[in-house]
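Undergrad: The structure under discussion is supplied below as C-alpha cells; questions concerning it will follow.
Residue numbers (the numbering used here): 34 to 153.
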C-alpha cells in the first residue's frame with residue numbers, strides 16, 4: 034500500500050508545485066536562459082546578432098526557441114519594413130520580470146562552481 038503525501042497534499046503546496054511545473058515547462062531547454070539573458074542585457078537584436086551573441090546555438094534551434102518565447106509573451110518579434118526584410122527581437126515587459134530570477138541563478142551558479150570545483 035502506497036503512503037499518502039503529507040506535505041505535498043496541502044492546497045498551497047499544490048498551487049506552488051503547479052506553478053513550478055509551469056515555469057519549468059516554459060523555460061526548459063538549454064538555450065532559453067541564454068536568449069533571455071542576452072535580450073535582458075541588450076536592447077533589440079536581429080536574428081543574426083543573436084546568433085553571434087549566443088555561442089553554439091544553431092539557426093533552427095534559435096528560431097524554435099524564439100518562437101516558444103514569443104508564444105509565451107517573454108520575447109517580442111518586430112518585422113521591419115526594410116529590404117531585405119529584417120526582424121528584431123526584444124524582451125517584453127513581462128519577460129523582463131525574469132531578470133531577478135536569472136541574476137539569482139547566475140549568482141548561485143558562480144557560488145556552486147567556486148564551492149564544488151574551486152574555480153574562480
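The C-beta atom is built at its ideal place from N, Cα and C for all residues, glycine as well.
Would you mind working out which of 61, 93, 73 sits nearest residue 133, comparing C-alpha positions?
TA: Counted from its first residue, the chain shown places residue 133 at position 100. Nearest C-alpha to residue 133: 73.
Undergrad: Let's test the definition: count the other Cβ atoms within 10 Å of the Cβ of residue 67 and tell me whether it reaches 16, buried, or not, exposed.
TA: Translated into positions along the chain shown, residue 67 becomes position 34. Residue 67 is buried by the Cβ-count criterion.
Undergrad: For residue 79 and residue 107, which I take to be in contact (beta-carbon distance under 8 Å), what is that distance rounded to the nearest angstrom?
TA: Numbered from its first residue, the chain shown carries residue 79 at position 46. Numbered from its first residue, the chain shown carries residue 107 at position 74. Wrong, their Cβ atoms sit about 18 Å apart, outside the cutoff.
Undergrad: What whole-angstrom Cβ distance do residue 122 and residue 77 have, given they're in contact under 8 Å?
TA: In the chain shown, counting from the first residue as 1, residue 122 sits at position 89. In the chain shown, counting from the first residue as 1, residue 77 sits at position 44. Contact between residue 122 and residue 77 holds, since their C-beta atoms are separated by about 7 Å, short of 8 Å.
Undergrad: Confirm, please, whether the CB-CB distance from residue 84 to residue 90 is below 8 Å.
TA: As a working note, residue 90 is residue 57 in the chain shown. As a working note, residue 84 is residue 51 in the chain shown. It is a contact, given that the beta carbons lie within the stated cut-off.
Undergrad: First and last residue of the beta strand (DSSP E) that includes residue 110?
TA: The residue you call residue 110 lines up with position 77 of the chain shown. Where residue 110 is concerned, the enclosing beta strand (DSSP E) stretches over 108-113.
Undergrad: Would you mind reading off the limits of the alpha helix (DSSP H) that contains residue 68?
TA: By 1-based counting over the chain shown, the position of residue 68 is 35. It spans 65-74 - the alpha helix (DSSP H) in which residue 68 sits, taken as one unbroken run.
Undergrad: Determine, using beta carbons only, whether residue 98 and residue 65 come nearer to each other than 8 Å.
TA: As a first step, residue 98 is located in the chain shown; it is residue number 65 there, counting from the start. As a first step, residue 65 is located in the chain shown; it is residue number 32 there, counting from the start. A contact, by the Cβ cut-off of 8 Å.
Undergrad: Return the first residue and the last residue of the beta strand (DSSP E) that residue 79 is part of.
TA: Start at 1 with the first residue of the chain shown, and residue 79 comes out as number 46. For residue 79, the uninterrupted beta strand (DSSP E) segment begins and ends at 77-79.
Undergrad: Where does residue 87 sit, in a helix, a strand or coil, going by DSSP?
TA: Working through the chain shown from its first residue, we reach residue 87 at position 54. If DSSP states are grouped into helix, strand and coil, residue 87 belongs with coil.
Undergrad: By how many angstroms is the C-alpha of residue 149 removed from the C-alpha of residue 142?
TA: Working through the chain shown from its first residue, we reach residue 142 at position 109. Working through the chain shown from its first residue, we reach residue 149 at position 116. In a straight line, the C-alpha of residue 142 is about 10 Å away from that of residue 149.
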